[in-house]
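Everything on this sheet refers to the single structure shown next.
In this note's numbering, the protein residues as written are 5 to 174.
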């Protein structure tokens, strides 16, 4: 005999949308807290911000890189990148040199002090979130991008400028 209030054996009870929304909120908190903790460790270990460390790492990988290419690699606005480079130059960690083939272009070089900073830095230098995202499959990244676009569409207030700033500087 089948009772009207019983659940068929092949169906699974699903959490309510309120419960699921709170679970997802906790996931965002865990990600944000993990990112902040990593950046605190970076600053404590080597005395530069997470975004400055990533810049130093990219300059070490490609000596002579220009600010535009550096901004592209970090997916940040060029003016933000220029400000970070200026701070590193003021601290004696980066030097700017005109390119021989085109005197209008400036290439960036690390100083000896920058090598000490890089050696003291905890990894990953690009940050825990970019590293985690790089470990995902293309399909997963596409699904995540689409889902986050839906979340963003639901926001009643958006700071579009934040998209072009390093996480460490938010």
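Note that beta-carbon positions come from the ideal geometry of N, C-alpha and C, so glycine has one too.
Everything numeric in this text was worked out from a predicted model, so none of it was measured.
Beta-carbon gap between residue i and residue j smaller than 8 Å
i: residue 97; j: residue 117; result: yes
i: residue 78; j: residue 19; result: no
i: residue 132; j: residue 39; result: yes
i: residue 145; j: residue 152; result: no
i: residue 99; j: residue 82; result: no
i: residue 168; j: residue 69; result: no
i: residue 165; j: residue 156; result: no
i: residue 74; j: residue 62; result: yes
Own chain residues within Cβ distance below 6 Å of residue i, not counting five before or after
i: residue 45; result: 126
i: residue 86; result: 71
i: residue 17; result: none
Supposed contact pair residue j and residue i - C-beta distance, whole angstroms, cut 8 Å
i: residue 53; j: residue 142; result: That pair is no contact at about 30 Å.
i: residue 110; j: residue 102; result: 6 Å
Assigned secondary structure, residue i (DSSP; H/G/I helix, E/B strand, else coil)
i: residue 5; result: Because residue 5 carries a pLDDT of 47, less than 50, the predicted location of this residue cannot be relied on, and the following value inherits that uncertainty. Correct three-state label for residue 5: coil.
i: residue 53; result: coil
i: residue 155; result: helix
i: residue 109; result: coil
i: residue 162; result: coil
i: residue 95; result: coil
i: residue 30; result: helix
i: residue 18; result: coil
Close-in-space but distant-in-sequence residues of the same chain around residue i (CB under 8 Å, 5 per side omitted)
i: residue 121; result: 50, 51, 52, 57, 60 and 97
Nonlocal neighbours in the same chain, by C-beta distance under 7 Å from residue i, ignoring five residues either side
i: residue 135; result: 128
i: residue 5; result: Below a pLDDT of 50, predicted positions are generally treated as unreliable, and residue 5, at 47, falls in that range; no measurement from the model is reported.
Contact with chain D by residue i, beta-carbon distance below 8 Å
i: residue 105; result: Protein chain content of the structure displayed is limited to a single chain, and chain D is not contained in it.
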